[in-house]
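Notes follow the structure.
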Amino acid sequence: MAADLSAQSQTLLLSTTTTTPQRSHPRTTSFLPFFSLSHSKPLLHLSRTSSRPRQRLQVLCQATGTQPISQLGHDRLSKVPISRIRNFCIIAHIDHGKSTLADKLLETTGTVQKREMKEQFLDNMDLERERGITIKLQIARMRYSFKNGEPYCLNLIDTPGHVDFSYEVSRSLAACEGALLVVDASQGVEAQTLANVYLALENNLEIIPVLNKIDLPGADPDSVIKEIEEVIGLDCSNAILCSAKEGIGISEILDAIVERVPPPADTADKPLRALIFDSYYDPYRGVIVYFRVIDGKIKKGDRVYFMASGKDYFADEIGVLSPTQLQVGELYAGEVGYLSASIRSVADARVGDTITNYSRKAESSLPGYEEATPMVFCGMFPVDADQFPELRDALEKLQLNDAALKFEPETSSAMGFGFRCGFLGLLHMEIVQERLEREYNLSLITTAPSVVYKVNCVNGDIVECSNPSVLPEPGKRKSIEEPVVKIDMLTPKDYIGPLMELAQDRRAVFKEMKFIAENRASLTYELPLAEMVGDFFDQLKSRSKGYASMEYTFLGYKESDLIRLDIQINGEHVEPLATIVHKDKAYAVGRALTQKLKELIPRQMFKVPIQACIGSKVIASEALSAIRKDVLAKCYGGDISRKKKLLKKQAEGKKRMKAIGKVDVPQEAFMAVLKLEKEVL
1 MAADLSAQSQ TLLLSTTTTT PQRSHPRTTS FLPFFSLSHS KPLLHLSRTS SRPRQRLQVL
61 CQATGTQPIS QLGHDRLSKV PISRIRNFCI IAHIDHGKST LADKLLETTG TVQKREMKEQ
121 FLDNMDLERE RGITIKLQIA RMRYSFKNGE PYCLNLIDTP GHVDFSYEVS RSLAACEGAL
181 LVVDASQGVE AQTLANVYLA LENNLEIIPV LNKIDLPGAD PDSVIKEIEE VIGLDCSNAI
241 LCSAKEGIGI SEILDAIVER VPPPADTADK PLRALIFDSY YDPYRGVIVY FRVIDGKIKK
301 GDRVYFMASG KDYFADEIGV LSPTQLQVGE LYAGEVGYLS ASIRSVADAR VGDTITNYSR
361 KAESSLPGYE EATPMVFCGM FPVDADQFPE LRDALEKLQL NDAALKFEPE TSSAMGFGFR
421 CGFLGLLHME IVQERLEREY NLSLITTAPS VVYKVNCVNG DIVECSNPSV LPEPGKRKSI
481 EEPVVKIDML TPKDYIGPLM ELAQDRRAVF KEMKFIAENR ASLTYELPLA EMVGDFFDQL
541 KSRSKGYASM EYTFLGYKES DLIRLDIQIN GEHVEPLATI VHKDKAYAVG RALTQKLKEL
601 IPRQMFKVPI QACIGSKVIA SEALSAIRKD VLAKCYGGDI SRKKKLLKKQ AEGKKRMKAI
661 GKVDVPQEAF MAVLKLEKEV L
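Numbering-wise, full-length UniProt numbering puts 665 at position 665 of the sequence shown, and it's gapless, one number per residue.
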């Protein structure tokens with residue numbers, strides 16, 4: 001019986017004479033494989049059995065020879081010579097189709113079967129799927145048979161597109177020899193497109209331009225190619241036109257990767273050196289390290305040594321990501337994989353460290369990565385004070401997965417114990433807060449985002465200050481310098497006016513305007529970073545109806561007329577509500593804060609003044625009126641002196657109460673005011 005079934009399946013596999021697939025059983029509704037001999041290499045077609053003509057079947061995945069799909073996973077683990085390894089990443093502006101293209105590459109090469117396929121396959125965080133953006137770099141090993149039939153190993157790294165996650169992109173580029181530059185054929189060159197190209201050029205990568213979404217009605221590939229050549233200076237004579245959604249041009253992209261991306265250097269005989277470019281914490285297996293082998297070989301069971309931390313472990317498990325973790329016995333120069341060694345301390349295996357063999361150590365470590373410089377700071381405090389240890393552990397584990405995150409302990413009189421955290425941008429801050437709350441079940445309060453100021457003191461000292469409460473007194477400071485960024489805004493010409501108005505409202509200094517195409521312009525400004533960490537990006541999108549994009553680079557520090565704005569409630573300073581603002585905006589911010597506090601603080605038995613102050617000068621003031629008992633209710637008449645006596649007695653009691661009374665500002669008031677500060681600053 002088994003022999004009959006085997007013979008029947010072979011007949012179905014090799015059948016090329018019939019034009020319409022036949023059911024092997026009347027009730028069978030499964031997918032059946034068919035091969036077409038009209039191609040130079042066998043292509044596996046998957047289609048639900050039906051009466052449709054053969055020419056309408058869609059090419060879904062590729063196999064070598066007559067190999068069934070069930071064996072493709074094992075094929076990805078088989079070794080190929082180093083000359084047939086290609087390491088590449090996909091870089092682009094946000095929403096230009098990187099993840100869709102990665103999905104189609106996985107599907108076309110048979111790495112992921114059709115029934116397992118889903119949109120944004122490599123984006124495995126719920127947060128990424130909800131927002132439709134890539135937050136973390138993802139790795140996938142693919143096997144591709146080139147025109148000559150030789151199998152190639154393609155290691156793909158899918159990268160984020162938002163400017164706040166550029167550190168992820170830079171780490172990905174260090175592990176690759178080539179990059180696919182994806183540009184939307186309907187939108188053209190965007191701000192982050194330029195930034196990613198410059199990052200790739202710094203790493204000496206082979207850049208393959210790819211024009212995506214050519215199936216859209218508004219696509220104009222010719223003008224976009226011209227734009228890329230003029231703005232970026234990249235030769236686009238061999239640019240690939242594709243539509244990742246429709247599957248157009250995917251085979252051309254795979255062929256270009258094989259032909260144009262150089263193979264890694266053959267240094268398998270040298271002592272082991274592997275670069276850690278990402279890692280995460282698994283509660284059962286400890287720290288899992290993602291690495292690229294630069295020199296030498298690593299085998300399962302080897303004793304490995306981390307050169308920066310000075311720790312050594314046994315490699316309990318090594319493998320590749322395809323895109324799930326698959327164990328292998330050995331990885332050699334040029335390959336990308338993961339390592340599990342029961343590493344419990346998150347400090348022992350940091351991103352940028354070099355792995356070498358304990359018995360045959362390398363002479364020098366790899367250059368690693370430049371430290372990420374935080375641009376935006378905020379305080380994070382647990383709502384429940386008992387969760388402080390859990391917050392510390394969560395930040396340490398998250399820092400392992402997000403190397404750009406920085407934090408240090410902080411204490412607040414209103415919030416208790418927490419951490420001062422540094423981020424690359426506002427979206428980065430928002431994502432970290434979301435991940436802490438979702439992945440570690442924490443309830444957090446975040447203060448208004450701020451930047452690092454440099455204070456030049458009278459005695460010659462320079463103090464870095466990211467928290468207004470530690471700003472030196474006015475008599476001790478000579479000047480305050482604030483960080484300045486260069487911002488490039490790419491916009492259709494119709495929105496140049498509104499964006500110029502937005503920049504001027506934020507104390508920006510105009511530098512340059514140039515037309516990069518007939519109807520697209522680039523605006524360059526120098527802008528204080530403190531003005532950008534508010535709602536600048538939201539305003540940019542709303543004023544340009546979503547068409548403009550921006551990219552910024554840090555320039556340095558510049559002296560500015562900044563002051564500390566304090567809030568006094570009943571004559572006492574409230575440290576958590578202090579802010580550093582420009583002198584011209586102090587009145588507006590002070591007025592908004594005092595009005596909001598008046599609404600939120602409950603009334604007391606005595607009058608409570610709420611004041612915004614610069615030093616000892618009050619610039620805005622509100623007052624909570626006292627809750628008064630009607631002491632005249634028992635007086636039904638009589639002389640006025642009796643009523644005056646009662647009112648005077650009440651006033652004396654209120655005065656005495658105010659002298660010894662204390663106003664408790666509720667937690668909800670702090671949270672609401674912090675939210676207001678994010679809006680008005």
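For every residue, glycine included, the Cβ atom is placed at its ideal position computed from N, Cα and C.
These numbers come from a predicted model, not from an experiment.
request  = Return the chain-ordered ranges of every beta strand (DSSP E) run that is complete within the region 592–636 and spans a minimum of 3 residues.
outcome  = 608–614, 617–624, all fully within the region 592–636.
task = Would you decide whether His428 is buried or exposed? Buried here means 16 or more other CB atoms lie within 10 Å of its CB.
result = Looking up residue 428 in the sequence shown gives position 428. His428 comes out buried.
query = What is the DSSP secondary structure of Asn196, counted as helix, strand or coil?
reply = Position 196 of the sequence shown, counted from the first residue, corresponds to residue 196. In this structure, Asn196 counts as helix in the three-state DSSP scheme.
inquiry  = Output needed for Gly286: all residues of its chain with C-beta closer than 6 angstroms, excluding positions within five of it in sequence on either side, in chain order.
reply    = Within the sequence shown, numbered from 1, the residue matching residue 286 stands at position 286. Excluding sequence neighbours, Gly286 sits near Ser342, Ile343, Arg344.
message = Suppose you measure from the CA of Glu370 to the CA of Val169; what does that come to, to the nearest Å?
response = Walking along the sequence shown from the start, residue 370 turns up at place 370. Walking along the sequence shown from the start, residue 169 turns up at place 169. So the alpha carbons of these two residues sit roughly 13 angstroms apart.
request  = State the DSSP-derived secondary structure class of Val463, mapped to helix, strand or coil.
outcome  = In the sequence shown, counting from the first residue as 1, residue 463 sits at position 463. Reduced to three states, the DSSP call for Val463 is strand.
key: Simplified DSSP assignment, three categories, for Leu216   = Numbered from its first residue, the sequence shown carries residue 216 at position 216. Three-state result, Leu216: coil.
key: Leu173: first and last residue of the uninterrupted alpha helix (DSSP H) it sits in   = Counted from its first residue, the sequence shown places residue 173 at position 173. Taken as a continuous stretch (DSSP letters only), the alpha helix (DSSP H) holding Leu173 covers 166–173.
key: Lys397 vs Tyr284 beta-carbon contact at 8 angstroms   = Taking the sequence shown and counting its residues from 1, one reaches residue 397 at position 397. Taking the sequence shown and counting its residues from 1, one reaches residue 284 at position 284. Contact flag unset, no.
request  = Figure out for me which residue from Phe388, Lys476, Gly425 has the closest Cα to the Cα of Ile445.
outcome  = Working through the sequence shown from its first residue, we reach residue 445 at position 445. Of Phe388, Lys476, Gly425, the residue nearest in Cα terms is Phe388.
ask   = Three or more C-beta pairs closer than 8 angstroms, one from the region 548–556 and one from the region 477–496: is that the case here?
value = yes
inquiry  = For Ile157 and Arg506, I'd like the C-alpha separation in whole angstroms.
reply    = Taking the first residue of the sequence shown as 1, we reach residue 157 at position 157. Taking the first residue of the sequence shown as 1, we reach residue 506 at position 506. The alpha-carbon atoms of Ile157 and Arg506 are separated by roughly 38 angstroms.
message = Relative to the C-alpha of Val455, which candidate in Cys465, Pro449, Leu600 has its C-alpha closest?
response = Translated into positions along the sequence shown, residue 455 becomes position 455. Out of Cys465, Pro449, Leu600, Cys465 has the C-alpha closest to the C-alpha of Val455.
inquiry  = For Leu234 and Pro160, what's the separation of their Cα atoms in angstroms?
reply    = Along the sequence shown, read from residue 1 onward, the residue named residue 234 stands at position 234. Along the sequence shown, read from residue 1 onward, the residue named residue 160 stands at position 160. Taking the straight line from one Cα to the other gives about 22 angstroms.
ask   = If Leu137 sits next to Arg171, beta carbons under 8 angstroms apart, how far is it from one beta carbon to the other, in whole angstroms?
value = The residue you call residue 137 lines up with position 137 of the sequence shown. The residue you call residue 171 lines up with position 171 of the sequence shown. With 8 angstroms as the limit, Leu137 and Arg171 qualify as a contact, their Cβ atoms being about 7 angstroms apart.
message = I need the boundaries of the beta strand (DSSP E) containing Ala327, first residue and last residue.
response = Position 327 of the sequence shown, counted from the start, is the residue given in the question as residue 327. Sequence check: residue 327 is Gln here, not Ala. Gln327: member of the beta strand (DSSP E) spanning 325–328, first to last residue.
message = At 4 residues or longer, what runs of the alpha helix (DSSP H) sit wholly inside the region 245–332?
response = 250–260
ask   = Would Val451 pass as a contact of Leu529 if the rule is Cβ separation under 8 angstroms?
value = One-based indexing of the sequence shown puts residue 451 at position 451. One-based indexing of the sequence shown puts residue 529 at position 529. Their beta carbons are under 8 angstroms apart, which means Val451 touches Leu529 by this criterion.
query = Where does the unbroken alpha helix (DSSP H) through Met489 begin, and where does it stop?
reply = Sequence index remark: in the sequence shown, residue 489 carries index 489 (1-based). Per DSSP, Met489 belongs to no alpha helix (DSSP H); it is in the beta strand (DSSP E), 477–492.
request  = Give the C-beta separation of Arg86 and Pro367 to the nearest angstrom, bearing in mind that I take them to be a contact with Cβ-Cβ under 8 angstroms.
outcome  = Here residue 86 is taken as the residue at index 86 of the sequence shown, counted from 1. Here residue 367 is taken as the residue at index 367 of the sequence shown, counted from 1. The pair is not a contact, with the Cβ atoms about 23 angstroms apart (cut-off 8 angstroms).
Cutoff 7 angstroms; reference Glu227; Cβ partners in own chain excluding five residues on either side = In the sequence shown, the residue the question calls residue 227 occupies position 227. Excluding positions up to five away in sequence, the list reads Gly188, Val189, Ile516, Ala517.
inquiry  = Measuring alpha carbon to alpha carbon, tell me which residue in Ile619, Leu624, Ile580 is nearest residue 695.
reply    = Nothing can be reported for residue 695, as the shown portion of the chain is limited to 1 through 681.
task = Report yes or no: do the region 255–274 and the region 86–106 share at least 3 C-beta pairs separated by less than 8 angstroms?
result = yes
query = So what's Ala341 in DSSP terms, helix, strand or just coil?
reply = Numbered from 1 along the sequence shown, position 341 holds the residue referred to as residue 341. Here Ala341 sits in strand by DSSP.
query = With 16 other CB atoms within 10 Å as the buried threshold, where does Glu177 fall?
reply = The residue labelled residue 177 in the question sits at position 177 within the sequence shown. Buried, because 16 or more other Cβ atoms sit within 10 Å of the Cβ of Glu177.
inquiry  = Between which two residues does the beta strand (DSSP E) holding Asn401 run?
reply    = Counting from 1 along the sequence shown, the entry for residue 401 is found at position 401. Annotation: Asn401 is outside any beta strand (DSSP E); the continuous alpha helix (DSSP H) that includes it extends over 388–401.
ask   = Just to confirm, are Ser186 and Leu205 a CB contact at a threshold of 8 angstroms?
value = Here residue 186 refers to the residue found at position 186 of the sequence shown. Here residue 205 refers to the residue found at position 205 of the sequence shown. For the 8 angstroms CB-CB criterion, Ser186 and Leu205 do not form a contact.
inquiry  = So, with DSSP's three-state summary, where would you put Phe35?
reply    = By 1-based counting over the sequence shown, the position of residue 35 is 35. In this prediction, Phe35 has a pLDDT of 33, which is less than 50 and means its spatial position is unreliable; nothing more can be read from the coordinates.
ask   = Leaving out the 5 sequence neighbours to the left and right, which residues in its chain are closer than 7 angstroms to Asp184 when beta-carbon positions are compared?
value = The residue given as residue 184 occupies position 184 in the sequence shown. The residues are His96, Gly97, Asn212, Lys213.
ask   = Okay, do the region 313–331 and the region 240–248 touch, 3+ Cβ pairs below 8 angstroms being the bar?
value = no
key: Identified DSSP bridge partners for Asp566   = The residue labelled residue 566 in the question sits at position 566 within the sequence shown. DSSP output for Asp566 lists Cys613 as bridge partner(s).
request  = Classify Ile232 as buried or exposed, calling it buried when 16 or more other Cβ atoms lie within 10 Å of its own Cβ.
outcome  = In the sequence shown, the residue the question calls residue 232 occupies position 232. Around the CB of Ile232, 16 or more other CB atoms lie within 10 Å, so the residue is classed as buried.
ask   = Should Cys613 go down as buried or exposed, given a rule of 16 or more other Cβ atoms within 10 Å for buried?
value = Counting from 1 along the sequence shown, the entry for residue 613 is found at position 613. It is buried - the Cβ of Cys613 has at least 16 other Cβ atoms within 10 Å.
Under 8 angstroms between C-beta atoms of Gly425 and Val351 = Mapped onto the sequence shown, residue 425 falls at position 425. Mapped onto the sequence shown, residue 351 falls at position 351. Not in contact: Gly425 and Val351 (Cβ atoms no closer than 8 angstroms).
request  = Grab the span of the beta strand (DSSP E) containing Ala179 for me, first residue to last.
outcome  = As a first step, residue 179 must be located in the sequence shown, where it is residue number 179. From DSSP, the beta strand (DSSP E) with Ala179 extends over 178–184.
task = Identify every residue that forms a DSSP beta bridge with Lys406.
result = Taking the first residue of the sequence shown as 1, we reach residue 406 at position 406. Lys406 pairs with Gly422.
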